[in-house]
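Enquirer: Once you've had a glance at the structure underneath, I'll fire off some questions.
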Amino acid sequence: MEMPSPNPAILARKAELAARLSAVLPADALIQDEVETRAYECDALTAYRCPPLLVVLPRTTQQVSEVLRICHQEGVPVVPRGAGTSLAGGALPTADSVVLGVARMNAVLETDYDNRVIRVQTGRTNLSVSGAVEEEDFFYAPDPSSQLACAIAGNIAMNSGGAHCLKYGVTTNNLMAVTLVMMDGTVVEIGGAYLDAGGLDLLGVICGSEGQLGVVTEATLRILRKPEGARPILIGYDSNQVAGACVGDIIKAGVLPVAIEFMDRPCIEACEAFAKAGYPMCEALLIVEVEGSPDEIDHQLKLITEIARSHNPVELREARDAEEAGRIWLGRKSAFGAMGQINDYMCLDGTIPVTELPMVLRRIGEMSKQYGLDVANVFHAGDGNMHPLILFDANKPGDLELCEEFGAEILKLCVEVGGCLTGEHGVGVEKRDLMLHQYTPEDLEAQLKVKDVFDPQWLLNPAKVFPLKVTEARRVGGVAAQ
-2 MEMPSPNPAI
8 LARKAELAAR
18 LSAVLPADAL
28 IQDEVETRAY
38 ECDALTAYRC
48 PPLLVVLPRT
58 TQQVSEVLRI
68 CHQEGVPVVP
78 RGAGTSLAGG
88 ALPTADSVVL
98 GVARMNAVLE
108 TDYDNRVIRV
118 QTGRTNLSVS
128 GAVEEEDFFY
138 APDPSSQLAC
148 AIAGNIAMNS
158 GGAHCLKYGV
168 TTNNLMAVTL
178 VMMDGTVVEI
188 GGAYLDAGGL
198 DLLGVICGSE
208 GQLGVVTEAT
218 LRILRKPEGA
228 RPILIGYDSN
238 QVAGACVGDI
248 IKAGVLPVAI
258 EFMDRPCIEA
268 CEAFAKAGYP
278 MCEALLIVEV
288 EGSPDEIDHQ
298 LKLITEIARS
308 HNPVELREAR
318 DAEEAGRIWL
328 GRKSAFGAMG
338 QINDYMCLDG
348 TIPVTELPMV
358 LRRIGEMSKQ
368 YGLDVANVFH
378 AGDGNMHPLI
388 LFDANKPGDL
398 ELCEEFGAEI
408 LKLCVEVGGC
418 LTGEHGVGVE
428 KRDLMLHQYT
438 PEDLEAQLKV
448 KDVFDPQWLL
458 NPAKVFPLKV
468 TEARRVGGVA
478 AQ
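Going by our numbering, the residue at position 135 of the sequence shown is 132; the numbering climbs one at a time, nothing skipped.
Okay, here's the thing in structure tokens:
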């Protein structure tokens, strides 16, 4: 994978830059030792690595502002980093960049139960937001599978979702306001703790912008009352296509589960060996969860059961208590770790119309045979957010490249059936060269112009989102214009 050439002048000024940064940061907030910076050389897309020039770990918005102001003056690229759980290379550094990690910015700043919002520093982990309000019977809805570790900063950057996004939406549907630090150090407030806040409506631009426009240091998030109860049902089928058809029928029936999750046989076998959740050994497994009052739950599950039975399931199991519900979810929540125990893999996240699930699953199976690489499918079926895991051997020459080629064909298929390249992982470096498959040159130019406004020198999160030749030309032009 091609990356931009490091700027020799910046590399030569490393000591000078470190001195300027250390003057505005606590003593333990600057990492410049080459061995220690290797801890930040990649994110969860570990196939690609590049140690950064320096790493800074600020604790306040003001410190972030000072760091960006200095880097802007010096023409130094900055790579924002949350918890490093990105599966698309969203936090991959360049050799001449400063990684700005927000992990130490993890405080709860304000909780307003009357207006159902919480304001946090964005280094706070996703799950700990719910943890901060659970005693009052509230929760934060977006729940990525990495929610124990992933940071709100990364959730905002990639517009993350999770298993419950079918009912509650993704990050953008639960984000009310942000504190954004621009590349020149300017601090701006966008949105507010209520709908239709004054000023330009830029939240939709910021959420999902992958660190291209600024560094989000604080966020006001919507919190919700916990439902009275929730209950999952497990449905097994003898083919992926039949399971996909069942998902489509549930959605068409007007039932709104809180989640519909899909797993195929390779994933079922790996999860069962890892978590011992008691899954049946079938070709495809659905986990459908509904919530509400006991009467609401019973009514919804009755409809879902009728639909499921019409497709002749090999197993249909409704959780009878909290322990059984936990076991049904245990395997699904363990899926990525379970697969990682048995093979190297690349996890994609193309999104498709739900009605296209049977056909797309069939084509992925055909392409798997064509490329000679196995695929395990696990994904949020309710909103068509697919997560095919392509298995490969990182130690076998050519296998990674073959895996990337196979992955690109899957993502192209997602676009061709009316979907898109990414549902929640972001473009990062993984999909940047596929952007022209989804967007016309005119579409991309409109996006590039937004980046021009927020970051004229193109110093924020370089080599991501857009095709590299386009971004490098823009960056050089921007720097030359200063």
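Even glycine gets a Cβ: it sits at the ideal position worked out from N, Cα and C.
Three Cβ pairs or more, each shorter than 8 Å: is that satisfied between the region 89 to 96 and the region 48 to 56?
Expert: Touching, yes.
Enquirer: By Cβ distance below 6 Å, which residues in the same chain neighbour Asp246 in space, the five residues on each side in sequence not counted?
Expert: Ile304.
Enquirer: Could you tell me which of Asp111, Leu106, Ala373, Asn112 sits nearest to Thr119, measuring between CA atoms?
Expert: If we check each option's Cα against that of Thr119, Leu106 comes out closest.
Enquirer: Which same chain residues, not among the five before or five after Gly86, have their C-beta less than 6 Å away from its C-beta?
Expert: Only Leu42, Tyr45, Gly425, Val426, Glu427 meet the Cβ criterion.
Enquirer: One question on the structure: do Val178 and Thr217 come within less than 8 Å of each other, judged by their Cβ atoms?
Expert: Going by C-beta atoms, Val178 is not nearer than 8 Å to Thr217.
Enquirer: Just to confirm the assignment: which complete alpha helix (DSSP H) runs, minimum length 4, are found wholly within the region 149 to 231?
Expert: Taking only runs of at least 4 residues, the alpha helix (DSSP H) segments lying wholly in the region 149 to 231 are 149 to 155, 162 to 165, 200 to 203.
Enquirer: Write down the C-beta distance between Gly420 and Asn382 rounded to the nearest angstrom, noting that I regard them as a contact closer than 8 Å.
Expert: Right, their Cβ atoms sit about 4 Å apart.
Enquirer: What does the Cβ neighbour count give for Thr91, buried or exposed, with the cut at 16 atoms within 10 Å?
Expert: Looking at its Cβ environment, which holds 16 or more other Cβ atoms inside 10 Å, Thr91 is buried.
Enquirer: Indicate whether His377 and Leu163 have their beta-carbon atoms separated by less than 8 Å.
Expert: Contact: yes.
Enquirer: Looking at Phe403 and Leu370, is the spacing between their C-beta atoms short of 8 Å?
Expert: It is a contact, given that the beta carbons lie within the stated cut-off.
Enquirer: Is the Cβ-Cβ distance between Gly379 and Pro254 less than 8 Å?
Expert: In contact: Gly379 and Pro254 (Cβ atoms closer than 8 Å).
Enquirer: Check this for me: beta carbons of Ala160 and Glu312, under 8 Å apart or not?
Expert: Not a contact, by the Cβ cut-off of 8 Å.
Enquirer: What are the residues that DSSP puts in a beta bridge with Pro77?
Expert: Answer is Leu97, bridged to Pro77.
Enquirer: Taking DSSP as the reference, what is the three-state secondary structure of Pro1?
Expert: Coil.
Enquirer: Going straight from the alpha carbon of Val130 to that of Val99, what length do you get?
Expert: Using only the alpha carbons, I get a separation of about 22 Å.
Enquirer: Relative to the C-alpha of Pro277, which candidate in Leu298, Tyr234, Ala242 has its C-alpha closest?
Expert: Ranking the options by Cα distance to Pro277, first place goes to Tyr234.
Enquirer: Would you give the residue range spanned by the alpha helix (DSSP H) that Ile301 belongs to?
Expert: Taken as a continuous stretch (DSSP letters only), the alpha helix (DSSP H) holding Ile301 covers 291 to 306.
Enquirer: For Ala322, collect the residues of the same chain with a Cβ closer than 6 Å to its Cβ; drop the 5 residues on either side in sequence, then sort them by chain order.
Expert: Contacts found: Pro229, Ala316.
Enquirer: Measuring CA to CA, which of Asp111, Ser62, Leu210, Tyr110 is closest to Gln454?
Expert: Per the Cα distances, Leu210.
Enquirer: In this structure, how does DSSP classify Thr108 when only helix, strand and coil are distinguished?
Expert: In this structure, Thr108 counts as strand in the three-state DSSP scheme.
Enquirer: Relative to the C-alpha of Ala227, which residue among Ile284, His434, Cys279, Pro459 is closest?
Expert: Checked all of Ile284, His434, Cys279, Pro459; the closest Cα to Ala227 is Ile284.
Enquirer: Apply the 10 Å Cβ neighbour rule to Val167 and answer buried if 16 or more other Cβ atoms are within range, or exposed otherwise.
Expert: Val167 comes out buried.
Enquirer: Whole angstroms are fine: how far does the CA of Lys11 sit from the CA of Leu89?
Expert: Answer to the nearest angstrom: the Cα atoms are 19 Å apart.
Enquirer: Could you work out which residue in Gly337, Asp198, Gly128, Arg306 is closest to Glu266 when comparing CA atoms only?
Expert: Checked all of Gly337, Asp198, Gly128, Arg306; the closest Cα to Glu266 is Gly337.
Enquirer: Three-state secondary structure (DSSP) at Ile28?
Expert: In this structure, Ile28 counts as strand in the three-state DSSP scheme.
Enquirer: Take Cys417 and list the residues in its own chain whose beta-carbon comes closer than 8 Å to its own, dropping the five residues that flank it on each side.
Expert: The residues are Gly347, Thr348, Cys411, Gln435.
Enquirer: In angstroms, rounded to a whole number, what distance separates the CA positions of Leu431 and Lys299?
Expert: Taking the straight line joining both Cα atoms gives about 43 Å.
Enquirer: For Cys344, list the residues DSSP reports as bridge partners.
Expert: The partner list for Cys344 (beta bridge, DSSP) reads Leu386.
Enquirer: Can you tell me which of the three DSSP states Arg35 falls into?
Expert: The answer is helix: DSSP assigns Arg35 an H, G or I state.
Enquirer: Do the region 22 to 30 and the region 146 to 154 meet, that is, are 3 or more Cβ pairs less than 8 Å apart?
Expert: As far as the Cβ criterion goes, the region 22 to 30 does not touch the region 146 to 154, which means the pair count is below three.
Enquirer: Quick one, are the C-beta atoms of Met260 and Gly205 less than 8 Å apart?
Expert: Their beta carbons are not under 8 Å apart, which means Met260 does not touch Gly205 by this criterion.
Enquirer: How big is the Cα-Cα spacing for Leu145 and Leu124?
Expert: Roughly 5 Å separates the two Cα atoms.
Enquirer: Along the alpha helix (DSSP H) that carries Tyr374, what are the first and last residues, could you check?
Expert: The sequence given here has Asn at residue 374, not Tyr. Where Asn374 is concerned, there is no enclosing alpha helix (DSSP H), although the beta strand (DSSP E) it sits in stretches over 372 to 377.
Enquirer: Do the CB positions of Val212 and Met173 come within less than 8 Å of each other?
Expert: Result no, Cβ atoms of Val212 and Met173 do not sit closer than 8 Å.
Enquirer: According to the neighbour-count rule (16 or more other Cβ atoms, all chains shown, within 10 Å of its Cβ), is Val372 buried or exposed?
Expert: With 16 or more Cβ atoms within 10 Å of its Cβ, Val372 is classed as buried.
Enquirer: Along the chain, where does the alpha helix (DSSP H) that runs through Glu421 open and close?
Expert: No alpha helix (DSSP H) contains Glu421, which DSSP labels as neither H nor E.
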